[in-house]
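If you count by our numbering, then the sequence shown holds residues 6 to 64, one letter each, in order. All remarks here apply to the structure that follows.
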Amino acid sequence: MTIFQIRQATTGAVLWTGGAENEQQALDAMAREAGYADFASIPESVRGTDTRVDRLNLG
6 MTIFQIRQAT TGAVLWTGGA ENEQQALDAM AREAGYADFA SIPESVRGTD TRVDRLNLG
């Protein structure tokens, strides 16, 4: 499992940090913690196009 950090690219605000197998699973995990079924369920006006997913190198 890899650690990912999801940020709003415009502001740099960290939206979620945690373990996932890939970027899509990280986005879905973030969405579930926010009360949505998955990332695609987040309204486009909230989801936007400036979501940045980074794989963290902790070793």
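Ideal placement from N, C-alpha and C gives every residue a C-beta, glycine not left out.
Exposed or buried, Ala25, counting other C-beta atoms within 10 Å across all chains shown (16 or more means buried)?
By the 10 Å Cβ count, Ala25 comes out buried.
Tell me Ile8's beta-bridge partners as DSSP assigns them.
Ile8 is bridged to Gly24.
Pull up the distance between the alpha-carbon of Ala36 and that of Ser46, whole angstroms please.
If I take the Cα positions, the gap works out to 8 angstroms.
Name the one or two DSSP bridge partners that Gln13 has.
Paired residues: Thr56.
I need the straight-line Cα distance from Gln10 to Ala42, nearest angstrom please.
Taking the straight line from one Cα to the other gives about 19 angstroms.
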